[in-house]
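Those protein sequence lines, which keep their order, are chains A and B. Each residue of the first sequence is one higher than the one before, starting from 1 at the first, in my numbering. Each residue of the second sequence is one higher than the one before, starting from 330 at the first, in my numbering. All remarks here apply to the structure that follows.
There are 2 protein chains.
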Amino acid sequence: MPTKSRQVHLATRPDGLPKHDDFKIVDTVLPDIADGQVLVKQLYMSVDPYMRPRLSNDFELNQVMPGGAIGRVVQSRNANFAEGDVVNNLQGFREYAVSNGMDIRKLAPQPGVPLSAYMSVLGATGFIAYGGLLEIGKLKDGEQVFVSTAAGAVGSVAAQIAKIKGCYVIGSTGSDDKAAWLREIGLDAVINYKKTPIQDALKAAAPRGIDVYFDNVGGDHLDAALACMNSLGRVAVCGMISGYNEPGTRTAVRNLSNIIYGRINLRGFVVMDFVHLREQFNRDMAEWMKSGKLKWKDTVLSGIEQAPAAMVGLMRGENTGKMLVKLSD
Amino acid sequence: MPTKSRQVHLATRPDGLPKHDDFKIVDTVLPDIADGQVLVKQLYMSVDPYMRPRLSNDFELNQVMPGGAIGRVVQSRNANFAEGDVVNNLQGFREYAVSNGMDIRKLAPQPGVPLSAYMSVLGATGFIAYGGLLEIGKLKDGEQVFVSTAAGAVGSVAAQIAKIKGCYVIGSTGSDDKAAWLREIGLDAVINYKKTPIQDALKAAAPRGIDVYFDNVGGDHLDAALACMNSLGRVAVCGMISGYNEPGTRTAVRNLSNIIYGRINLRGFVVMDFVHLREQFNRDMAEWMKSGKLKWKDTVLSGIEQAPAAMVGLMRGENTGKMLVKLSD
Numbered sequence: 001m002p003t004k005s006r007q008v009h010l011a012t013r014p015d016g017l018p019k020h021d022d023f024k025i026v027d028t029v030l031p032d033i034a035d036g037q038v039l040v041k042q043l044y045m046s047v048d049p050y051m052r053p054r055l056s057n058d059f060e061l062n063q064v065m066p067g068g069a070i071g072r073v074v075q076s077r078n079a080n081f082a083e084g085d086v087v088n089n090l091q092g093f094r095e096y097a098v099s100n101g102m103d104i105r106k107l108a109p110q111p112g113v114p115l116s117a118y119m120s121v122l123g124a125t126g127f128i129a130y131g132g133l134l135e136i137g138k139l140k141d142g143e144q145v146f147v148s149t150a151a152g153a154v155g156s157v158a159a160q161i162a163k164i165k166g167c168y169v170i171g172s173t174g175s176d177d178k179a180a181w182l183r184e185i186g187l188d189a190v191i192n193y194k195k196t197p198i199q200d201a202l203k204a205a206a207p208r209g210i211d212v213y214f215d216n217v218g219g220d221h222l223d224a225a226l227a228c229m230n231s232l233g234r235v236a237v238c239g240m241i242s243g244y245n246e247p248g249t250r251t252a253v254r255n256l257s258n259i260i261y262g263r264i265n266l267r268g269f270v271v272m273d274f275v276h277l278r279e280q281f282n283r284d285m286a287e288w289m290k291s292g293k294l295k296w297k298d299t300v301l302s303g304i305e306q307a308p309a310a311m312v313g314l315m316r317g318e319n320t321g322k323m324l325v326k327l328s329d
Numbered sequence: 330m331p332t333k334s335r336q337v338h339l340a341t342r343p344d345g346l347p348k349h350d351d352f353k354i355v356d357t358v359l360p361d362i363a364d365g366q367v368l369v370k371q372l373y374m375s376v377d378p379y380m381r382p383r384l385s386n387d388f389e390l391n392q393v394m395p396g397g398a399i400g401r402v403v404q405s406r407n408a409n410f411a412e413g414d415v416v417n418n419l420q421g422f423r424e425y426a427v428s429n430g431m432d433i434r435k436l437a438p439q440p441g442v443p444l445s446a447y448m449s450v451l452g453a454t455g456f457i458a459y460g461g462l463l464e465i466g467k468l469k470d471g472e473q474v475f476v477s478t479a480a481g482a483v484g485s486v487a488a489q490i491a492k493i494k495g496c497y498v499i500g501s502t503g504s505d506d507k508a509a510w511l512r513e514i515g516l517d518a519v520i521n522y523k524k525t526p527i528q529d530a531l532k533a534a535a536p537r538g539i540d541v542y543f544d545n546v547g548g549d550h551l552d553a554a555l556a557c558m559n560s561l562g563r564v565a566v567c568g569m570i571s572g573y574n575e576p577g578t579r580t581a582v583r584n585l586s587n588i589i590y591g592r593i594n595l596r597g598f599v600v601m602d603f604v605h606l607r608e609q610f611n612r613d614m615a616e617w618m619k620s621g622k623l624k625w626k627d628t629v630l631s632g633i634e635q636a637p638a639a640m641v642g643l644m645r646g647e648n649t650g651k652m653l654v655k656l657s658d
């Protein structure tokens, strides 16, 4: 039986901050699945900062957008999947997805762990924080750490892992509410960069300098961090959201020459770089979540018609933790 | 017998490009050396880009400036040094230096190698090029390499080592004469950045992208390189001369976000980082110089009264290879 499914298309390339009108909700009808295929009803879809540059470049206009999602198999003509299986996939921004089984991966949800956690702390989001901090940042116990957008999905995991490793952790965020949450989860110093210029605030918050900067922002945050970095410091460059919306006017970085005498290492990375850490990540996260050392928040909007609002809200910094859209129960 | 020695003092902190008047030649008289001391008559002194930021910050006003030098022991009351010994030291910018023997190192000049080579290709200059390219840049045979200020002291060594390793080497420089020399010593592509905007020129010169960028310039050169870097590329950040004279207006770097998806590594370093490579460096360089694979040029001014002109000329890019001042025969 054909299935009605709504999808989100990119209608126009955003100029600056994305607007609702840049997206379009489109009704479609999926034909019956063929031999070897499965039909997946999506439960949650992910809305991430990395998508913003792609709205300007890679994503095709008037096509359904891709993105991380978790769904449940509702029909299967593939021997590897049964109805009821929960699967990870990259076919977000639609209510139903069809797969030949190659691009989906079965999840074995643990009792007591909400499904949404597999989209955030236990998913690529948590994993990139873990790998970026430990492998790229080469974090050592007790070091001085700065995490930007520390109340975001990746930042909040990175900041808490640094705390677990006995570090002094400074986080930046853009609202008092998020700052309060960061203090609640144990950060040593919290900067609301909308209230104090980041350069001054960071200098005051980092009396012993910075050994590892986990960068989600770039621009003025990176500049401020470079001014505080200790010798042989590491900058794990996970994202540069400051430049995503206004590439033409984005804050330029001027303190790069500090990396010479400070012998600083800046390094970019993607989650694929950490494949070899997967088991260690699963083990560590399970332990930290169980013991209550690692907390998380999600910001969840409901219904695919909210996907544009989720994207716009993410870019305005309205989320705490992971920005998700719940597509069905 | 007291010794008359002229010294170069920093008289005023330069505003922008250094001018002759920012420096002062001062007559001094050194007292007789004491037990344990040696008197060194300087032969060559080094004038380097790294000195420029220090003129604005670290060097004291109305004091003799420090810098690399080679001299000959002319009096010794230290059992470890004899008259006639040639020694490396960090007491440049003066005709005579007094040492307790702790801050000088005996040189054993090889026959057929001019003394000045120990100030350039065989000195810290060559060594930082070697370590920066091989250890920080992790150069692999046959890669695509870009070296900025490739006709400078460090750049010309880095570019030639990359050629020796079978790489495709692009160099940038600021005059047709220097560009001609770079072609003569075998670079595959040469950019005169004063004639073509570096961004366009580099894109055209690097059809297979860039794996290693040896950065001496920063600013627009770094920006152009970031736009061309291949995945997992390395940027060995040796210097950023573009920002040394005009920190307030220096060209900002805007393509930093390329390091994320490209998983690029930018790393600063100093010559001390390569102590463990010293023997390997000496061996390789001796072989390459003997076989004619590594060529070098020095720009030598004569007499300490030329030291300010050497500094000004260096900052204007008037040198090819190492900028030296010859202080005596």
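Note that the Cβ used here is the ideal one computed from N, Cα and C, for glycine as well. Since we're looking at a predicted model, the values are computed, not measured.
Residues in its own chain within less than 6 Å of residue i by CB, not counting five upstream and five downstream?
i: Val-74(A); result: Leu-39, Lys-41
i: Asn-391(B); result: His-338
i: Asn-230(A); result: Gly-209, Asp-211
i: Leu-555(B); result: Asn-584, Asn-587
i: Tyr-497(B); result: Gln-473, Asp-517
i: Tyr-44(A); result: Ile-70, Ser-116, Met-119, Leu-324, Lys-326
Could you tell me which of the options sits nearest to residue i, measuring between CA atoms?
i: Asp-85(A); options: Phe-93(A), Ala-310(A), Pro-109(A), Leu-226(A); result: Pro-109(A)
i: Ile-210(A); options: Leu-232(A), Thr-196(A), Met-102(A); result: Leu-232(A)
i: Val-121(A); options: Ser-46(A), Lys-165(A), Arg-72(A), Ala-82(A); result: Ser-46(A)
i: Ala-124(A); options: Phe-274(A), Met-315(A), Lys-293(A); result: Phe-274(A)
i: Thr-28(A); options: Gly-112(A), Lys-293(A), Tyr-96(A), Leu-294(A); result: Tyr-96(A)
i: Phe-214(A); options: Arg-13(A), Ser-148(A), Gly-68(A); result: Ser-148(A)
i: Gly-137(A); options: Lys-24(A), Val-237(A), Asn-258(A); result: Val-237(A)
i: Val-98(A); options: Asn-78(A), Tyr-130(A), Thr-173(A); result: Asn-78(A)
i: Leu-531(B); options: Arg-401(B), His-550(B), Gly-621(B), Tyr-497(B); result: His-550(B)
i: Arg-94(A); options: Gly-71(A), Asp-200(A), Gly-101(A), Ser-175(A); result: Gly-71(A)
i: Val-235(A); options: Gly-572(B), Ile-589(B), Val-546(B); result: Ile-589(B)
i: Asn-80(A); options: Leu-90(A), Phe-59(A), Leu-107(A), Ser-291(A); result: Leu-107(A)
i: Pro-440(B); options: Ala-639(B), Met-569(B), Ala-615(B); result: Ala-615(B)
i: Glu-608(B); options: Val-416(B), Phe-456(B), Gly-461(B), Ile-570(B); result: Phe-456(B)
i: Asp-58(A); options: Thr-12(A), Pro-31(A), Ala-34(A), Gly-268(A); result: Thr-12(A)
i: Ala-34(A); options: Gly-313(A), Ser-76(A), Gly-132(A); result: Ser-76(A)
Bridge partners for residue i per DSSP, in chain order?
i: Ala-236(A); result: Phe-214(A), Arg-267(A)
i: Asp-344(B); result: DSSP output for Asp-344(B) lists no bridge partner at all.
i: Ile-490(B); result: None, per the DSSP bridge assignment.
i: Asp-27(A); result: Arg-6(A)
i: Ile-170(A); result: Phe-146(A), Ala-189(A)
i: Gln-42(A); result: Gly-71(A)
i: Ala-97(A); result: Val-40(A)
Whose C-beta lies closer than 8 Å to the C-beta of residue i among residues of the same chain, with five residues either side of it excluded?
i: Val-355(B); result: Arg-335, Gln-336, Val-337, His-338, Val-393
i: Gly-321(A); result: Ser-120, Ala-151, Gly-152, Ala-153, Ser-156, Trp-296, Lys-297, Asp-298, Thr-299
Given residue i, which residues of its chain have a CB within under 7 Å of its CB, disregarding the five upstream and five downstream residues?
i: Ala-205(A); result: Ile-170, Ala-189, Ile-191
i: Met-644(B); result: Leu-346, Pro-347, Arg-381, Asn-574
i: Asn-418(B); result: Val-369, Ala-398, Gly-400, Ala-426, Ser-428, Asp-432, Ile-433
Along chain B, in chain order, which residues have C-beta atoms closer than 8 Å to that of residue i?
i: Asn-265(A); result: Asn-594, Leu-595, Arg-596, Gly-597
i: Met-240(A); result: Leu-585, Ser-586, Ile-589
Mind checking residue i: buried by the 16 CB within 10 Å criterion, or exposed?
i: Ala-411(B); result: exposed
i: Leu-256(A); result: buried
i: Asp-350(B); result: exposed
i: Asn-594(B); result: buried
i: Gly-471(B); result: exposed
i: Ser-302(A); result: exposed
i: Pro-49(A); result: buried
i: Lys-178(A); result: buried
i: Pro-637(B); result: buried
i: Arg-183(A); result: exposed
i: Ser-291(A); result: exposed
i: Lys-140(A); result: exposed
Can you pull the chain B neighbours of residue i, defined as C-beta to C-beta under 9 Å?
i: Gly-243(A); result: Arg-583, Leu-585, Ser-586
i: Asp-273(A); result: Arg-592
Which bits of chain E does residue i rub up against, with CB to CB less than 8 Å?
i: Met-644(B); result: In summary, chain E is missing from the structure at hand, where the protein chains are A and B.
What residues of chain B sit near residue i, judged by a beta carbon separation below 7 Å?
i: Val-237(A); result: Ile-588, Ile-589
For a contact defined as C-beta to C-beta under 7 Å, what are the partners of residue i on chain A?
i: Gly-547(B); result: Leu-256, Ser-257
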